[in-house]
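Notes for the one structure printed next.
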Amino acid sequence: MNIDLTHKGTMLSVLARDPADGTLGIALASSSIAIGARCPHVETGRAAVASQGFTNLKVGPLALDLVRCGLTAAEVLEALRQHDRWLDYRQIGILTADGQIGAHTGAQATGWAGHRVGQDLLLLGNGLSRGEATFDAVVTAHRESGGLPMADRLLRALEGAKALLGDAFPINSASLLVRSPGAESQIDLRVDLPSSPIDEGGSGLADLRRLYAEYLPLVDIYAARSVAPRPF
Amino acid sequence: MSFGRGMTKPKKTTSSTARAFELFDDLMPIRRYKILLQTFLKRRGTGARQAIAEQLGHTRSFVTQITSPAYDLAIPANQVRAILKLAELTAEEERIFLDAYIEAHPERAAEVYAAPHGHGTVTISLPDLGDLAAEARLEALIRRLAESAIDSFVEEARLRQPGRAA
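Just so you know, the protein sequences line up as chains A and B, in that order.
Numbers given in the working numbering equal positions in the first sequence, counted from 1, plus 12.
Numbers given in the working numbering equal positions in the second sequence, counted from 1, plus 6.
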């Protein structure tokens, strides 16, 4: 079987934490399809992990497992650094519920690749044609949306990058995960392929925005149904 | 804000010098508890491995092999408790490690948990109730409860051994 391992693309992840209630969120957009199936990992009240760039499918679950075992974000990265022989190709971001941040961008990651660590915010990207300016756009969009729900802010952060990069960031898939301790219903949405092809103006991120808008009013309904299917 | 890599020209990969094994193979359960132990040993600072080697009468190389995820060698069950004691793990670290160890080697649970190394002792301070008879009854009750719990866990561990039916 011939598999093209050189397939290159564009990828951006935004991880955030709300220190007030321990909410963790992660939003991703990618030129690859079905990114939500491979890269984002969140355990409520523990950590959010982004594993991308020649993704090792087992890194995310292992990182969450090690956080669960009490390792710090730095110790988890160190464990992975020592024992994943291909870590040079990978990007890994960890944001724990208590605010620790660990990030790794391997030297072999595709194109321009890097990460930025902020207060309760972590960005990771590869294949970004505008490099650091992309992160600037993400941080600005995130900051200017202060006061909105985390899910909305994460989407706006990705949209800030898309507005800057335009056609240089074709988004075939996108994912949005937000988990709050104690919440009955969580945001867990993904678009695996745009509703129309990219060259016909399709965008996985625009589809995710539409999905979020449709889903948001239902969050409380699903939470209420979970507790009791009908009034009593 | 802090920044990571951010470059267009990739540097030379270090994978050619990376360890020649795959982390996520069938031995992952063993590597997992070794990753945890290795991290906990690092927290203790340098010299932890040397102390273990000296106290157990092994070479430092042997200790490295049984405590490093890079080697397949499992930690012998009869040395687990001694290593944990020498490594001065916290109670929480010890619990996490033992859970991982037993998950990797369920057949060794009885040996690990029942090993009479002389340090499996729990001390509980009893209050001054101002009533000698009541204090005696309380002590007797705690003793019975503790002995019952120990019997239960030892039996559970014994049943987990291969060839034992539940």
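All C-beta atoms, glycine included, are put in the ideal place defined by N, C-alpha and C.
Return the residues of the region 92 to 110 of chain B that lie within a Cβ-Cβ distance of less than 8 Å from chain A, sorted by chain order.
Listed by position along the chain: GLU98, GLU99, ILE102, ALA106.
DSSP beta-bridge partners for B:MET34?
Bridge partners of B:MET34: none, in fact.
Using a Cβ-Cβ cutoff of 8 Å, what residues of the region 151 to 168 of chain A are near chain B? List them in chain order.
Result list: VAL151.
Does A:ILE199 come out as helix, strand or coil in the three-state DSSP assignment?
Reduced to three states, the DSSP call for A:ILE199 is strand.
Distance check for B:ALA106 and A:GLY214, CA to CA, integer angstroms please.
Distance between the alpha carbons of A:GLY214 and B:ALA106 is about 47 Å.
Can you tell me where the alpha helix (DSSP H) holding B:GLU117 begins and where it ends?
Counting along the chain, the alpha helix (DSSP H) containing B:GLU117 begins and ends at 115 to 120.
Do you know offhand how far A:GLN120's Cα is from A:TYR101's?
Their Cα atoms are separated by approximately 5 Å.
Just to confirm before moving on: does the CB-CB distance between A:ALA39 and A:VAL26 stay below 8 Å?
Yes, they are a contact pair.
Quick one: does A:GLY126 have its CB under 8 Å from some CB of chain B?
At least one chain B Cβ lies under 8 Å of A:GLY126.
For the region 56 to 83 of chain B, which residues have a CB atom closer than 8 Å to at least one CB atom of chain A, in sequence order?
Answer in chain order: PRO75, ALA76.
Using the three-state DSSP reduction, which class does B:ALA57 fall into: helix, strand or coil?
Looking at B:ALA57 - three-state DSSP - the assignment turns out to be helix.
Using a C-beta to C-beta distance shorter than 7 Å, which residues of chain B count as neighbours of A:GLY57?
None at all; the shortest Cβ gap to chain B is about 17 Å.
Using three-state DSSP, classify A:LEU69 as helix, strand or coil.
DSSP places A:LEU69 in coil when its eight states are reduced to three.
Excluding the five sequence neighbours on either side, which residues of its own chain have a C-beta within less than 7 Å of the C-beta of B:ILE50, listed in chain order?
Here residue 50 of chain B turns out to be Arg, not Ile, going by the sequence shown. In chain order, ALA93, GLU94 place their CB closer than 7 Å to the CB of B:ARG50, counting only its own chain and leaving out the 5 sequence neighbours on each side.
Anything in the region 90 to 101 of chain A with a Cβ closer than 9 Å to a Cβ of chain B? List those residues in chain order, please.
Residues are counted here when their Cβ sits less than 9 Å from a Cβ of chain B; for the region 90 to 101 of chain A these are GLU90, ALA91, LEU92, GLN94, HIS95, ASP96, ARG97, TRP98, LEU99, ASP100, TYR101, given in chain order.
Decide if the region 65 to 76 of chain B is in contact with the region 139 to 154 of chain B; the criterion is three or more beta carbon pairs, one per stretch, under 8 Å apart.
The region 65 to 76 of chain B vs the region 139 to 154 of chain B: no contact.
For chain A, check one thing: does any of its Cβ atoms lie closer than 8 Å to the Cβ of B:ALA155?
Chain A contact via Cβ: absent.
With 16 other CB atoms within 10 Å as the buried threshold, where does B:GLU153 fall?
By the 10 Å Cβ count, B:GLU153 comes out exposed.
What is the DSSP secondary structure of A:ASN138, counted as helix, strand or coil?
In the three-state scheme derived from DSSP, where H, G and I count as helix and E and B as strand, A:ASN138 is classed as strand.
Could you name the residues of the same chain whose beta carbon sits closer than 7 Å to that of A:THR84, not counting the 5 residues immediately before and after it, in chain order?
Taken in chain order, the residues that qualify are GLN112.
Residue environment, B:GLU98, which counts as buried when at least 16 other CB atoms sit within 10 Å:
Looking at its Cβ environment, which holds fewer than 16 other Cβ atoms inside 10 Å, B:GLU98 is exposed.
Could you tell me which chain A residues have their CB closer than 8 Å to the CB of B:ILE41, listed as they occur along the chain?
Correct list: LEU78, ALA91, HIS95.
Do A:ALA62 and A:LEU36 have their C-beta atoms closer together than 8 Å?
Not a contact, by the Cβ cut-off of 8 Å.
Just checking my contact of A:THR22 with A:LEU140 at CB under 8 Å: how many whole Å lie between their CB atoms?
With a Cβ gap of about 6 Å, A:THR22 and A:LEU140 count as contacting.
For the region 212 to 227 of chain A and the region 176 to 189 of chain A, state whether three or more C-beta atom pairs, one from each stretch, are separated by less than 8 Å.
The count of Cβ pairs closer than 8 Å, one atom from the region 212 to 227 of chain A and one from the region 176 to 189 of chain A, reaches three, so the stretches are in contact.
Can a CB atom of chain A be found closer than 8 Å to the CB of B:GLY10?
Interface flag for B:GLY10 against chain A is set, since a Cβ pair is found closer than 8 Å.
What residues in its chain sit with their C-beta under 7 Å from that of B:SER131, if we drop five residues either side in the sequence?
Listed in chain order, the non-local C-beta contacts of B:SER131 below 7 Å within the same chain number zero, local neighbours out to five positions each way being set aside.
By Cβ distance, which residues of its chain are closer than 6 Å to B:ILE108, with the 5 residues on each side in sequence left out?
In the same chain as B:ILE108, and ignoring 5 residues on each side of it, the C-beta atoms closer than 6 Å to its own belong to ALA115, in chain order.
Taking Cβ positions, are A:GLY118 and A:LEU99 nearer each other than 8 Å?
Between A:GLY118 and A:LEU99, the CB-CB gap stays under 8 Å.
Closer than 7 Å by beta-carbon distance: list the chain A residues that pair up with B:THR45, in chain order.
In chain order: LEU83, GLU87, ALA91.
For B:GLU113 and A:LEU188, I'd like the C-alpha separation in whole angstroms.
Rounded to whole angstroms, B:GLU113 and A:LEU188 show a C-alpha spacing of 42 Å.
Buried or exposed for A:VAL239, please, with buried defined as at least 16 other CB atoms from any protein chain shown within 10 angstroms of its CB.
Per the 10 Å Cβ criterion, exposed.
C-alpha distance - A:LEU170 paired with A:GLY159, whole-angstrom precision:
Counting only the Cα atoms, A:GLY159 lies some 17 Å from A:LEU170.
Can you give me the Cβ contacts of B:ARG55 inside the same chain, cut-off strictly under 7 Å, excluding the 5 residues immediately before and after it?
The residues are LEU47, ARG66, VAL69, THR70, THR73.
Smallest Cα separation from A:GLU226: which of A:ALA235, A:SER207, A:LEU201?
Comparing Cα positions, the closest option is A:LEU201.
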